[in-house]
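So in our numbering, spot 110 of the sequence shown is number 90, and the numbers just go up one at a time.
Think of the CB as a built atom: it goes at the ideal place given N, C-alpha and C, for glycine as much as any other residue.
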Amino acid sequence: MAGTNSERELLTEGPAIILAYPQLGENIGMVARAMANFGLAELRLVNPRDGWPSEKARSAASRADHVIDGAKLYNSLEEAIADLNFVYATTARDRDGYKPVRSPIVAARSLRQRFKVGDAVGIIFGRERTGLTNEEVALADEIVTFPVNPAFASLNLAQAVLLMSYEWMKTGMESEDETSFQAIEQRPATKEHLQGLFDHLEEALDARNYFRSADKRPKLVENLRAVLTRPSFSESEIQVLRGVISSLDRFTRENPRGSGAPAGSRKVQGGSDDD
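Structure, rendered in structure tokens:
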């Protein structure tokens, strides 16, 4: 989905995203893109295997340059979380231990509450192939895990970050039903508009002898009107339909629109007048 708009406010707050020993630069870049999509900007990298900085990461970030440029490098996970007050560790596997295990939405709400009162918070994500070790999970305060197919629970790094980033974004909305834009408001068609459509269409069909049997005409008209009254048309939709009828009425396959109006053609009210 394309939706980048440099004229709108860029959100850059929220928990630090900590990647423990990531392997591929491309994966780091896709993480940065997922973060930027949902307003996160603080990326911490623990000893990335392929080094840093990474042009592959920047390319995969798809213009989330503010995340890539602000990324901080650490030699150990302990260093990366040293200044944080509260940290979640992400995992898809059962772990032996006594740490609370939260769903993504519960974890995101907890992070939002702590963030609002000034706590420094973060989420740790493990290696692409093996995730976090038990020792690394032990450094976190709580665990967050995702509701995935138990027989196919493996998420790639960017997917896991995106899921948590999305839940974080939702906790900052006034309503979970809120959307970033709305459909253009349409004026509903009046019965006069609808009657004009009926008359227009029926006249066009009459001219083509659609109602060949006089005794069947009332039923055919009734069925046609039943079809057209089922949707709640807007005024502009009625205009579109009448424009289609006008075009079919005025032009043929041999003399299409743009080739000049056929001899003897006439303008129909509600239709398009241009060629």
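CA-to-CA distance, residue 136 to residue 2, given in whole angstroms: About 11 Å.
Buried or exposed by the 16-neighbour rule on C-beta atoms within 10 Å, applied to residue 226: The residue in question, residue 226, is buried, as its Cβ has 16 or more Cβ neighbours within 10 Å.
Straight-line Cα distance separating residue 206 from residue 217: Going by C-alpha positions, residue 217 is about 17 Å away from residue 206.
Coarse secondary structure for residue 0, derived from DSSP in three states: Of the three classes helix, strand and coil, the one that applies to residue 0 here is strand, per DSSP.
Start-end ranges of the alpha helix (DSSP H) lying completely within the region 99 to 173, minimum 4 residues: Runs of the alpha helix (DSSP H) inside the region 99 to 173: 114 to 117, 137 to 151.
For residue 81, the residue or residues it bridges with in DSSP: Answer by DSSP bridge pairing, in chain order: 123.
Residue of 74, 89, 8, 223 minimising C-alpha distance to residue 146: The shortest CA-to-CA distance from residue 146 to any of 74, 89, 8, 223 is the one to 89.
Distance CB(residue 213)-CB(residue 184) smaller than 8 Å: No, the pair does not count as a contact, with Cβ atoms beyond the cut-off.
Residue 259 and residue 142 closer than 8 Å at C-beta: Shown here, the chain extends from -19 to 255; a query on residue 259 therefore has no answer.
For residue 70, the first and last residue of its enclosing beta strand (DSSP E): Residues 66 to 70.
Through-space distance from residue 229 to residue 150, alpha-carbon basis: Taking the straight line joining both Cα atoms gives about 51 Å.
Anticipated Cβ contact below 8 Å, residue 257 with residue 100, distance rounded: As shown, the chain starts at -19 and ends at 255. That puts residue 257 outside it, with no answer to give.
Enclosing beta strand (DSSP E) for residue 192 [first to last residue]: Counting along the chain, no beta strand (DSSP E) covers residue 192, and no H or E run does either.
Residue from 106, 190, 128, 129 with nearest C-alpha to residue 118: The shortest Cα separation from residue 118 among 106, 190, 128, 129 belongs to 106.
Inter-residue spacing [alpha-carbon to alpha-carbon] between residue 253 and residue 233: Any reading at residue 253 needs caution, since the residue's pLDDT is 44, under 50, leaving its predicted position unreliable; the model's value is listed next. Each residue's Cα considered, the two are about 18 Å apart.
Nearest candidate by alpha-carbon position, reference residue 153, set 9, 19, -2: Nearest of 9, 19, -2 to residue 153, Cα basis: 19.
Inter-residue Cα distance where the pair is residue 171 and residue 186: Their backbone Cα atoms lie some 22 Å apart in a straight line.
Residue 29: first and last residue of the uninterrupted alpha helix (DSSP H) it sits in: Element bounds for residue 29: n/a, residue is neither H nor E.
Straight-line gap, residue 127 to residue 74 (C-alpha atoms, nearest Å): Roughly 13 Å between the two C-alpha positions.
Cβ neighbours of residue 112 in the same chain (closer than 7 Å, five flanking residues each side left out): Answer for residue 112: 0, 69, 71, 104, 106, listed in chain order.
Selection from 59, 23, 28 that minimises the alpha carbon distance to residue 256: Outside the displayed span of the chain (-19 to 255) sits residue 256, for which this structure offers no information.
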